[in-house]
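Read through the structure below, which is laid out as structure tokens, and then see the notes.
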Amino acid sequence: FVPRMAIGLVHYPIIDRERKIVATNVTNFDIHDIARASTVYGVDKYYIIHPMKEQLMFVERILDHWRVGQGAKFNPYRKTALNPVRTSENAEKAIEEWKKTLAPGEEPVIIATHARAVNGAQPLTFQGARELLWDQKRPVFVIFGTGFGLTDEFMKNCHYVLESIRSAPTRDYRHLSV
Numbered sequence: 017f018v019p020r021m022a023i024g025l026v027h028y029p030i031i032d033r034e035r036k037i038v039a040t041n042v043t044n045f046d047i048h049d050i051a052r053a054s055t056v057y058g059v060d061k062y063y064i065i066h067p068m069k070e071q072l073m074f075v076e077r078i079l080d081h082w083r084v085g086q087g088a089k090f091n092p093y094r095k096t097a098l099n100p101v102r103t104s105e106n107a108e109k110a111i112e113e114w115k116k117t118l119a120p121g122e123e124p125v126i127i128a129t130h131a132r133a134v135n136g137a138q139p140l141t142f143q144g145a146r147e148l149l150w151d152q153k154r155p156v157f158v159i160f161g162t163g164f165g166l167t168d169e170f171m172k173n174c175h176y177v178l179e180s181i182r183s184a185p186t187r188d189y190r191h192l193s194v
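Mapping of the sequence shown onto the numbering used here: position 97 corresponds to residue 113, and the numbering continues sequentially without gaps.
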């Protein structure tokens, strides 16, 4: 048994350092590094989610270079790593696209991630996530934010918010490195 999982990296709606709702830019790290980790860990699809067509076109140009262009000949390992990468205008469309690959009637559990607890959102422990995937054999779509994180409203609309990774007990520092 291999758990079914997709992930999405959301660039809007995102909080910035002044707590304003913004769209963040897609970076090369967003494309290459997360694609490699997704491939290593057996993630079905990795969605880069951004509402701006120009940002999605930037991602598609890079993907084309490494999948079918000169990059595919230069580094076939990168081509393999980029196979699960897709683009989407929003998380809802990404989830709907991935649902088409699931068994009929199978509904994915949507899990947001954040470096802090969110009032009004259903928390999920790492053990709980493991149970969903391995014991209950539920397909899971994990959503990561950029900037200073996903908006509270976005996370409240997910089934769960995964517990944050905390620093050593002597510090109260939290950071979720995507």
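Even glycine gets a Cβ: it sits at the ideal position worked out from N, Cα and C.
Predicted model, so just to flag it, every value in this text is computed and none were measured.
Through-space distance from residue j to residue i, alpha-carbon basis
i	j	result
K115	T186	43 Å
R94	G87	8 Å
M171	V26	12 Å
A97	E147	27 Å
E112	N173	15 Å
R35	G136	18 Å
Proximity below 7 Å, CB of residue i to CB of residue j
i	j	result
R132	S180	yes
T167	I31	yes
Q71	V38	no
T40	G163	yes
V75	T103	yes
Reduced DSSP category for residue i - H, G, I as helix; E, B as strand; rest coil
i	result
R187	coil
P67	coil
L178	strand
R154	coil
T128	Reading off the sequence, residue 128 comes out as Ala, not Thr. Here A128 sits in strand by DSSP.
L118	coil
Contact set for residue i: own chain, Cβ-Cβ below 7 Å, skip 5 residues either direction
i	result
E122	P155
N106	I65 and P67
V59	M21, A22, I23 and P100
Proximal residues to residue i (C-beta, below 6 Å), its chain only, five neighbours per side dropped
i	result
Y176	I127, Q138 and L140
Proximal residues to residue i (C-beta, below 8 Å), its chain only, five neighbours per side dropped
i	result
R77	none
F142	L178 and E179
W150	F17 and P19
8 Å contact criterion, which residue i and residue j should meet: CB distance rounded
i	j	result
V158	M73	Not quite, the Cβ-Cβ distance comes to about 25 Å (not below 8 Å), so this is no contact.
V125	Y62	Between Y62 and V125 the Cβ distance is about 17 Å, and since that is not below 8 Å, they are no contact.
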